[in-house]
Amino acid sequence: MTDLHTAVLDWYDAHQRDLPWRRPEATPWGVMVSEFMLQQTPVVRVLPVWEAWMERWPTPGALAAEPSGEAVRAWGRLGYPRRALRLHAAATAIVEQHGGHVPSSYDGLLALPGIGDYTAAAVASFGFGRRHVVLDTNVRRVLARLLAGQELPAPSVTKAERALAETVLPHDDSAPVWSVAVMELGALVCTAASPRCDACPVARLCAWQEAGRPAYSGPERKAQAWAGTDRQCRGRLMAVLRDADGPVHRTALEAVWDKPAQRDRSLAGLLEDGLASQVGPDTFALPG
DNA sequence: TAGGCGTGGGT
DNA sequence: TACCCAAGCCT
1 MTDLHTAVLD WYDAHQRDLP WRRPEATPWG VMVSEFMLQQ TPVVRVLPVW
51 EAWMERWPTP GALAAEPSGE AVRAWGRLGY PRRALRLHAA ATAIVEQHGG
101 HVPSSYDGLL ALPGIGDYTA AAVASFGFGR RHVVLDTNVR RVLARLLAGQ
151 ELPAPSVTKA ERALAETVLP HDDSAPVWSV AVMELGALVC TAASPRCDAC
201 PVARLCAWQE AGRPAYSGPE RKAQAWAGTD RQCRGRLMAV LRDADGPVHR
251 TALEAVWDKP AQRDRSLAGL LEDGLASQVG PDTFALPG
């Protein structure tokens with residue numbers, strides 16, 4: 001155990017948030033649900049939805065037994081509702097292919113819909129105690145600063161970055177807690193915009209500090225457009241479907257977006273994606 | 001692989 | 001006010 005590990009783990013022990021999916025009684029399914037919800041979504045918004053979700057669907061089988069539309073409805077305003085669809089599909093695959101038990105291996109997890117490298121590593125690690133490099137945006141940022149001396153990581157994961165993360169991943173059973181501790185450090189202290197270096201337990205070991213905190217100099221990071229996009233339109237349409245008890249008439253959808261061509265294209269996209277279904281000549285609903 | 005895909009809080 | 005960004009995935 002190096003000075004670096006001791007400092008990070010001691011800090012985590014003292015400052016970690018009490019999150020329900022981190023508690024000892026949390027199941028692999030609960031961990032998996034949390035990881036789906038946390039994809040691109042802050043913890044504070046996930047908490048109440050996760051609680052309600054686990055109350056209603058405590059196992060993959062419970063979720064798989066209901067229509068996918070119920071998952072989309074329960075997803076609420078978390079955003080990226082196809083995650084709800086994919087979580088439902090993953091639950092179905094777990095029932096059909098894994099006897100209702102969340103697979104414990106990275107490869108088994110990676111094969112499920114909606115699970116990529118990060119989520120597979122996170123569930124294998126946090127849900128089953130396995131040793132995997134867990135590279136999310138927090139870990140990447142912390143290691144970029146601490147080890148590479150750069151303010152921000154590259155736009156996508158590089159081989160060198162993964163290799164560097166491997167060099168600091170403990171080889172004993174503390175690998176998972178190391179990963180979650182680094183993530184927590186990134187979420188609470190080593191933040192993207194205004195890092196609180198005065199509160200950082202490893203500032204004295206940080207290559208970025210040592211270099212004088214140079215500004216990011218890599219490829220340009222372009223922001224996503226939002227106003228007037230199909231995404232905004234789709235969000236409006238989904239809100240109408242979600243908030244209705246049953247099927248809604250076409251006019252209710254037309255009322256929330258005034259550009260007919262874009263509205264029609266967006267609705268067609270939602271039908272194509274399986275996020276909505278047409279139940280009559282002029283009526284639509286969440287999928288059955 | 002670059003771009004599409006929701007939502008809302010922080011600065 | 002306008003970005004910026006938050007435990008990514010898929011095509």
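The opening position of the first sequence corresponds to residue 1 in full-length UniProt numbering, with each subsequent residue numbered one higher. Every residue, glycine too, gets a C-beta built ideally from N, C-alpha and C.
Nearest-angstrom beta carbon gap, residue j and residue i [assumed within contact, 8 Å]
i: L169; j: W178; result: 6 Å
i: G114; j: R86; result: 3 Å
i: residue 292; j: P153; result: Lying before the first or after the last residue shown, residue 292 is absent from the chain, which here runs from 1 to 288.
i: P287; j: V49; result: No, P287 and V49 are not in contact; Cβ-Cβ is about 19 Å, not under 8 Å.
i: W75; j: A84; result: 4 Å
i: P60; j: W29; result: 6 Å
i: A252; j: V240; result: 6 Å
N-terminal and C-terminal residue of the beta strand (DSSP E) that residue i is part of
i: G280; result: 277-280
i: A285; result: 283-285
Same chain, Cβ closer than 7 Å to residue i, five either side skipped, listed in chain order
i: C197; result: A203, Q209
i: A90; result: L112, P113, G114, I115
i: G15; result: Here residue 15 turns out to be His, not Gly, going by the sequence shown. Here the set comprises L188.
i: A136; result: The question names Ala, but residue 136 in the sequence shown is Asp. So the qualifying residues of the chain are Y118, M183.
Closer than 8 Å: residue i CB and nearest the ligand NAP heavy atom
i: F128; result: As far as ligands go, the structure on display features none, and thus does not contain the ligand NAP.
Residue i in three-state terms, based on DSSP
i: H88; result: helix
i: H249; result: strand
i: G235; result: helix
i: M1; result: coil
i: W226; result: coil
i: G69; result: helix
i: residue 313; result: Since the first residue shown for the chain is 1 and the last is 288, residue 313 is missing from the structure and cannot be characterised.
i: A192; result: coil
i: C197; result: helix
i: S174; result: coil
i: H132; result: coil
i: A207; result: helix
i: T6; result: helix
i: P60; result: helix
i: L241; result: helix
i: L19; result: coil
i: W257; result: coil
i: E25; result: coil
i: Y12; result: helix
Alpha helix (DSSP H) segment containing residue i, residue limits
i: G108; result: 106-110
i: F36; result: 28-38
i: Y216; result: No alpha helix (DSSP H) contains Y216, which DSSP labels as neither H nor E.
i: residue 333; result: The structure shown does not extend to residue 333, since the chain is modelled only from 1 to 288, so the question has no answer here.
i: V43; result: 43-56
i: D264; result: 260-273
i: E166; result: 159-168
Residues near residue i in its chain [Cβ-Cβ closer than 6 Å; skip 5 each side]
i: A122; result: E35, V134
i: V182; result: V139, V142
i: V242; result: For clarity, residue 242 is Arg in the given sequence; the question names Val instead. Contacts found: R73.
i: P247; result: V279, T283, A285
Residues of its chain near residue i, where Cβ-Cβ distance is below 8 Å and the 5 sequence neighbours each way are ignored
i: W257; result: C233, R236, L237, R263, S266
i: L38; result: V46
i: A211; result: G149
i: D230; result: Q262, R265, S266, G269
i: F128; result: P28, S104
Checklist entry - Per the contact definition of three or more C-beta pairs closer than 8 Å, is the stretch 141-150 in contact with the stretch 39-55? => result no
Next on the checklist: Using 8 Å as the cut-off, can you tell me whether the stretch 218-235 makes contact with the stretch 172-189, which would need three or more C-beta pairs spanning the two stretches below that distance?
Outcome noted: no
Next on the checklist: Does the stretch 263-274 come into contact with the stretch 50-59, if we say contact requires no fewer than three beta-carbon pairs (one atom in each stretch) closer than 8 Å?
Outcome noted: no
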